[in-house]
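No gaps in the numbering here: position 66 of the sequence shown is 415 in my numbering, and each next residue is one more. Note that the Cβ used here is the ideal one computed from N, Cα and C, for glycine as well. All values derive from a computational prediction rather than experimental measurement. Some notes on the structure that comes next.
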Amino acid sequence: MVDNTKGRMDMGRVYVFDHPLIQHKVALMRKKDTTVKEFRELATEVAMLMGFEATRNLPLKEVEIETPMCRTKVNMLDGEDIAIVPILRAGLGFVEGMLALVPNAKVGFVGMYRDPDSHEPVEYYCKLPKDIDRREVFVLDPMLATGGSAVAAIDAIKKRGAKKISFLCLIAAPEGIKTLTEAHPDVNVFIAAMDEKLNENAYILPGLGDAGDRLYGTK
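Structure follows, in structure tokens:
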């Protein structure tokens, strides 16, 4: 029997979820016959489930409100200084789920491509909120394979002033986790599923294929 009592595995700043709903939805996303529509819906649902835990430590403040019965003190978010930053293009699949949780969050975008000669990630687009330096930033990308794009994206975001950053991904390879945590040991990394390894083409095994293609029907 699988032990579902913990909810996630903690490895320093790396959190791997073992919640049964997340495991079930990720399993459906892995299936090659899952349709584009189903894949998108599942990505949104998993992002929401992960977002609940990733936002666990947002600061609260006590405020006084009036219920239909009386006045009382309650806890509410101490501001909503949050930014959601998907890595284009596959990271867009997580945005809707995160915005369902924090609808007042600002959204930025980072675009990366791999140089055909050096195989290194190259930034081609970066548009962030002007006040990114005072926002808690959640960087979104479904796959953490080699870790190169994630590291470069976070480099770009930090260069523009961001200080408190978390990275959310659907599936990660051990190689990518190592690369990301060594480059950015201050970043919290939230993972729905940790897979076995990368193959010779740097695809995650068992993985789910190309997340961008599966989200947008371009495979």
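Taking the continuous alpha helix (DSSP H) assigned at residue i, which residues delimit it?
i           : result
residue 565 : 560–565
residue 527 : 523–532
residue 410 : Careful: residue 410 lies outside any alpha helix (DSSP H), inside the beta strand (DSSP E) at 409–415.
residue 443 : Residue 443 -> no alpha helix (DSSP H), and no H or E assigned at all.
residue 404 : That residue, residue 404, is in no alpha helix (DSSP H); it is neither H nor E in DSSP.
Taking only three categories from DSSP, how would you classify residue i?
i           : result
residue 498 : helix
residue 455 : strand
residue 356 : Because residue 356 carries a pLDDT of 49, less than 50, the predicted location of this residue cannot be relied on, and the following value inherits that uncertainty. Coil at residue 356, not helix or strand.
residue 383 : coil
residue 511 : coil
residue 374 : helix
residue 350 : Legend: pLDDT at residue 350 = 39, less than 50; position of this residue unreliable, value from coordinates given subsequently. Three-state result, residue 350: coil.
residue 568 : coil
Whole-angstrom Cβ separation of residue i and residue j, contact assumed at under 8 Å?
i           : j           : result
residue 540 : residue 366 : 7 Å
residue 436 : residue 459 : 5 Å
residue 433 : residue 489 : 7 Å
residue 408 : residue 427 : 4 Å
residue 375 : residue 494 : The Cβ separation is near 16 Å, so there is no contact.
residue 517 : residue 403 : 6 Å
residue 362 : residue 538 : 6 Å
residue 556 : residue 544 : 6 Å
residue 514 : residue 486 : 5 Å
residue 529 : residue 500 : 6 Å
residue 446 : residue 400 : 6 Å
residue 385 : residue 497 : Between residue 497 and residue 385 the Cβ distance is about 27 Å, and since that is not below 8 Å, they are no contact.
residue 431 : residue 454 : 4 Å
residue 369 : residue 443 : Between residue 443 and residue 369 the Cβ distance is about 20 Å, and since that is not below 8 Å, they are no contact.
What does residue i pair with, by DSSP beta-bridge criteria?
i           : result
residue 516 : 488 and 538
residue 546 : 554
residue 474 : 460
residue 493 : 521
Where do the ends of the beta strand (DSSP E) carrying residue i lie?
i           : result
residue 425 : 420–426
residue 481 : Neither: residue 481 is in no beta strand (DSSP E) and is coded neither H nor E.
residue 465 : That residue, residue 465, is in no beta strand (DSSP E); it is neither H nor E in DSSP.
residue 432 : 431–437
residue 364 : 363–366
Item to check | Any 3 or more C-beta pairs closer than 8 Å across the segment 381–401 and the segment 421–430 | outcome: In short, these stretches do not touch, since the Cβ pair count stays below three.
Checklist entry - Using 8 Å as the threshold, is the segment 542–550 in touch with the segment 503–514, meaning 3 or more CB pairs across them? => result Because the criterion of three Cβ pairs below 8 Å is not met, the segment 542–550 and the segment 503–514 do not touch.
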